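Engineer: Got a structure for you, questions after.
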Amino acid sequence: TAQFDIDMIRQQFPALAQQCHGQPLVYLDSAATSQKPLVVIETIQRYYSGHNANVHRGSHSLTAAATAQFEQARTTVQHFIHAAQREEIIWTRGATEALNLIAQTYARQQLQPGDEILVSELEHHANIVPWQIVAEQTGAKVVKLPMQPDCTLDMAAFAQLLTPRTKIVAVAHITNVTGTRNPIESIIAAAHQQGAVVVVDGAQAVAHEKIDVQVLDADFYVFSGHKLFAPAGIGVLYGKRALLDAMPPWHGGGKMVEKVTFDGTTFSDLPGKFEAGTPNVAGSLALAAAIDWLSEIDHTAAEAHIHRLRQLAIDGIREIDGLRVVGLQPDASLFSFVVEGVHHQDIATLLDQQGIALRAGHHCAHPMLDALGLSGTLRVSLALYNTEQDVARFVAALHKACDLL
Ligand code: PMP
Numbered sequence: 002t003a004q005f006d007i008d009m010i011r012q013q014f015p016a017l018a019q020q021c022h023g024q025p026l027v028y029l030d031s032a033a034t035s036q037k038p039l040v041v042i043e044t045i046q047r048y049y050s051g052h053n054a055n056v057h058r059g060s061h062s063l064t065a066a067a068t069a070q071f072e073q074a075r076t077t078v079q080h081f082i083h084a085a086q087r088e089e090i091i092w093t094r095g096a097t098e099a100l101n102l103i104a105q106t107y108a109r110q111q112l113q114p115g116d117e118i119l120v121s122e123l124e125h126h127a128n129i130v131p132w133q134i135v136a137e138q139t140g141a142k143v144v145k146l147p148m149q150p151d152c153t154l155d156m157a158a159f160a161q162l163l164t165p166r167t168k169i170v171a172v173a174h175i176t177n178v179t180g181t182r183n184p185i186e187s188i189i190a191a192a193h194q195q196g197a198v199v200v201v202d203g204a205q206a207v208a209h210e211k212i213d214v215q216v217l218d219a220d221f222y223v224f225s226g227h228k229l230f231a232p233a234g235i236g237v238l239y240g241k242r243a244l245l246d247a248m249p250p251w252h253g254g255g256k257m258v259e260k261v262t263f264d265g266t267t268f269s270d271l272p273g274k275f276e277a278g279t280p281n282v283a284g285s286l287a288l289a290a291a292i293d294w295l296s297e298i299d300h301t302a303a304e305a306h307i308h309r310l311r312q313l314a315i316d317g318i319r320e321i322d323g324l325r326v327v328g329l330q331p332d333a334s335l336f337s338f339v340v341e342g343v344h345h346q347d348i349a350t351l352l353d354q355q356g357i358a359l360r361a362g363h364h365c366a367h368p369m370l371d372a373l374g375l376s377g378t379l380r381v382s383l384a385l386y387n388t389e390q391d392v393a394r395f396v397a398a399l400h401k402a403c404d405l406l
């Protein structure tokens with residue numbers, strides 16, 4: 002049965018045991034990237050120490066074993082997000098590459114001049130810029146779906162902006178700046194009524210939510226491995242089979258072809274069609290190892306732990322003069338804050354000197370920060386390996402920093 006034992010969990014993360022400026026590291030930047038458990042690190046080491054071989058090529062035992070594991074990892078991801086078919090899981094380098102793939106294949110083929118792509122204002126740049134690029138290429142238009150002052154989407158505006166011209170709606174499942182959980186269920190249902198497809202950026206959601214792409218009825222769902230306890234350089238594009246089948250390939254090269262001649266080339270079936278070149282086999286296996294590891298942990302207990310720590314952190318810093326939590330969301334794993342009259346980077350530097358790692362800046366979300374009238378925030382993002390002691394250290398360090406500044 003699934004368990005939640007914080008001491009056991011922490012022991013799995015060698016990176017958390019280090020010192021930073023002579024103090025034990027307090028890692029509060031898991032929304033940027035999570036630390037990696039030993040099983041993930043060992044999976045990479047085991048792969049390169051033993052099974053390393055190219056996949057889907059040649060005919061020796063090592064390549065056969067590597068291919069079997071690589072395809073098994075795909076099945077693990079399929080079950081993790083409850084996709085109907087394993088061919089609907091495409092390996093990418095991460096969420097960013099997956100979003101660009103959708104823009105440059107599906108969108109580039111579908112969009113006509115005058116068509117609209119409705120993009121939420123609280124997106125990471127990775128879910129804005131690919132749409133701007135394809136809009137430029139096709140004559141389509143990117144339309145902003147605004148947020149409200151409380152950092153939730155303006156659903157009344159959504160109802161107005163969603164029209165027969167809308168061909169694509171691009172929205173994050175959870176926003177990286179404030180942890181806002183967007184109502185993607187109703188967005189997807191409404192978009193489908195208008196015949197639009199919905200691209201969900203799940204980068205911040207996968208480590209915290211149980212994902213069921215079939216229940217969501219998401220057309221596309223993307224995420225990166227590195228925010229899910231796996232290494233950087235591996236990520237996932239989920240797409241409905243009918244959409245993926247109809248999409249042209251993107252990168253050309255080995256494995257994505259059936260037959261190449263100088264008169265023309267025919268392409269592989271899914272998922273190979275979108276996986277040109279030698280893939281990141283170790284990354285795929287490590288991502289599957291991370292998913293298997295996570296599935297052993299009591300999800301409800303882990304999320305309750307994270308929410309409790311977040312509340313402790315907010316309660317601990319609330320009294321600081323001029324401090325304001327930006328767009329506080331219930332039950333998020335992270336929060337952003339600013340301190341009036343003090344630059345966020347100065348605070349981050351003073352925290353770093355006390356061993357506290359968090360993110361300061363615009364969080365790759367210029368439009369959202371602009372809407373808030375801010376140049377940056379400090380962001381505390383928690384994972385299941387954080388402790389009450391981490392929070393106490395952060396609270397004390399922030400008080401000290403603010404006293405100094
Ligand atoms: N979307 C969101 C909401 C994110 O938080 C991030 C990572 N900060 C990305 C997309 C991009 O992910 P990656 O850089 O791993 O491709």
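Numbering (the UniProt record's numbering), first residue to last: 2 to 406. From the three backbone atoms N, C-alpha and C, an ideal C-beta is built for every residue, glycine too. As the structure is a prediction and not an experimental result, all values here were calculated from the model.
Leaving aside the five residues before and after Ile307 along the sequence, list all residues of the same chain whose C-beta is less than 8 Å from its C-beta, in chain order.
Structural biologist: Here the question's residue 307 lines up with position 306 in the sequence shown. His209, Ser334, Leu383, Ala384, Leu385, Asn387.
Engineer: To the nearest whole angstrom, what separates the beta carbons of Glu341 and Gly323, a pair I think is in contact under 8 Å?
Structural biologist: For the purposes of this step, residue 341 is identified with residue 340 of the sequence shown, where counting begins at 1. For the purposes of this step, residue 323 is identified with residue 322 of the sequence shown, where counting begins at 1. Rounded, the Cβ-Cβ distance is 3 Å, consistent with contact.
Engineer: Could you tell me whether the region 286 to 306 touches the region 128 to 147, where touching means 3 or more Cβ pairs closer than 8 Å?
Structural biologist: no
Engineer: Which residue comes first and which comes last in the alpha helix (DSSP H) that contains Glu186?
Structural biologist: Along the sequence shown, read from residue 1 onward, the residue named residue 186 stands at position 185. Start and end: 185 to 194.
Engineer: Hey, Ala136 and Ile118: beta-carbon distance below 8 Å or not?
Structural biologist: Numbered from 1 along the sequence shown, position 135 holds the residue referred to as residue 136. Numbered from 1 along the sequence shown, position 117 holds the residue referred to as residue 118. Yes, these two residues count as a Cβ contact at 8 Å.
Engineer: Kindly list the residues whose CB is nearer than 6 Å to the CB of Ile212, restricted to its own chain and excluding five residues on each side of it in sequence; keep chain order.
Structural biologist: On the sequence shown, residue 212 is found 211 positions in, with the first residue counted as 1. Only Ile82 meet the Cβ criterion.
Engineer: When the Cα of Gln312 is compared with those of Leu17, Val343, Glu259, Asp332, which residue comes out closest?
Structural biologist: Here residue 312 refers to the residue found at position 311 when the sequence shown is read from its first residue. When only C-alpha atoms are compared, the closest one is Asp332.
Engineer: Is the distance from the Cβ of Leu162 to the Cβ of Thr139 below 8 Å?
Structural biologist: Translated into positions along the sequence shown, residue 162 becomes position 161. Translated into positions along the sequence shown, residue 139 becomes position 138. Cβ distance not < 8 Å, so Leu162 and Thr139 don't count as in contact.
Engineer: Quick check: the Cα distance between Val343 and Ala67, rounded to an integer number of angstroms?
Structural biologist: Taking the sequence shown and counting its residues from 1, the one referred to as residue 343 is at position 342. Taking the sequence shown and counting its residues from 1, the one referred to as residue 67 is at position 66. If I take the Cα positions, the gap works out to 53 Å.
Engineer: Quick check: what's the CA-CA separation for Leu379 versus Gly255?
Structural biologist: The residue you call residue 379 lines up with position 378 of the sequence shown. The residue you call residue 255 lines up with position 254 of the sequence shown. In a straight line, the C-alpha of Leu379 is about 44 Å away from that of Gly255.
Engineer: To the nearest whole angstrom, what separates the beta carbons of Phe230 and Lys37, a pair I think is in contact under 8 Å?
Structural biologist: Sequence index remark: in the sequence shown, residue 230 carries index 229 (1-based). Sequence index remark: in the sequence shown, residue 37 carries index 36 (1-based). With a Cβ gap of about 6 Å, Phe230 and Lys37 count as contacting.
Engineer: Quick one: is Met9 buried, meaning 16 or more other Cβ sit within 10 Å of its Cβ, or exposed?
Structural biologist: For the purposes of this step, residue 9 is identified with residue 8 of the sequence shown, where counting begins at 1. When all chains shown are included, Met9 counts as exposed.
Engineer: Looking at Gln133 and the ligand FMN, is the gap between the Cβ and the nearest heavy atom below 7 Å?
Structural biologist: Within the structure as shown, the ligand FMN is missing, the only ligands being the ligand PMP.
Engineer: With a threshold of 7 Å (Cβ to nearest heavy atom), would Asn128 be considered close to the ligand PMP?
Structural biologist: Against the sequence shown, residue 128 aligns to sequence position 127. Because some heavy atom of the ligand PMP lies under 7 Å away, the Cβ of Asn128 counts as near it: yes.
Engineer: So what does Pro147 bridge to, in DSSP terms?
Structural biologist: One-based indexing of the sequence shown puts residue 147 at position 146. In DSSP, Pro147 forms no bridge with anything.
Engineer: If you draw a straight line from the alpha carbon of Ala265 to that of Gly180, how long is it in whole angstroms?
Structural biologist: The count along the sequence shown starts at 1 and reaches residue 265 at position 264. The count along the sequence shown starts at 1 and reaches residue 180 at position 179. Rather than Ala, the amino acid found at residue 265 in this sequence is Gly. Cα-Cα distance, rounded: 48 Å.
Engineer: Less than 8 Å between the beta carbons of Asp202 and Ala104, yes or no?
Structural biologist: Numbered from 1 along the sequence shown, position 201 holds the residue referred to as residue 202. Numbered from 1 along the sequence shown, position 103 holds the residue referred to as residue 104. Not closer than 8 Å, so no.
Engineer: Closest to Glu124 by C-alpha separation, out of Gln73, Pro165, Thr176, would be which residue?
Structural biologist: Residue mapping note: residue 124 aligns to position 123 of the sequence shown, counting from 1. Nearest option by C-alpha distance: Thr176.
Engineer: Mapping DSSP to helix, strand and coil, what is Thr164?
Structural biologist: As a position in the sequence shown, residue 164 is number 163, starting the count at 1. Correct three-state label for Thr164: coil.
Engineer: Might you give, ordered along the chain, the residues of its own chain that have their beta carbon closer than 8 Å to the beta carbon of Ser35, omitting 5 neighbours on each side?
Structural biologist: Counting from 1 along the sequence shown, the entry for residue 35 is found at position 34. Cβ within range, chain order: Ala208, His227, Lys228, Leu229, Phe230, Ala384.
Engineer: The beta strand (DSSP E) spanning Arg360 covers which residue range?
Structural biologist: Against the sequence shown, residue 360 aligns to sequence position 359. Run containing Arg360: 360 to 362, per the beta strand (DSSP E) assignment.
Engineer: Check the C-beta distance from Ala366 over to Val178 and give it rounded, since I have them as a contact under 8 Å.
Structural biologist: Along the sequence shown, one-based indexing puts residue 366 at 365. Along the sequence shown, one-based indexing puts residue 178 at 177. At roughly 5 Å, the Cβ-Cβ gap stays under 8 Å, so Ala366 and Val178 are in contact.
Engineer: When DSSP labels each residue in this structure, what does Thr76 get in the three-state scheme?
Structural biologist: Along the sequence shown, one-based indexing puts residue 76 at 75. Shown here, Thr76 sits in a helix according to DSSP, grouped into three states.
Engineer: According to DSSP, Asp202 sits in a beta bridge with which residue or residues?
Structural biologist: On the sequence shown, position 201 is the one that residue 202 refers to. BP columns for Asp202 point to Ala173, Val223.
Engineer: Count the other C-beta atoms from every protein chain shown that fall within 10 angstroms of the C-beta of residue 432, then say buried if there are 16 or more, exposed otherwise.
Structural biologist: A query on residue 432 cannot be resolved here, the shown segment of the chain reaching from 2 to 406 and no further.
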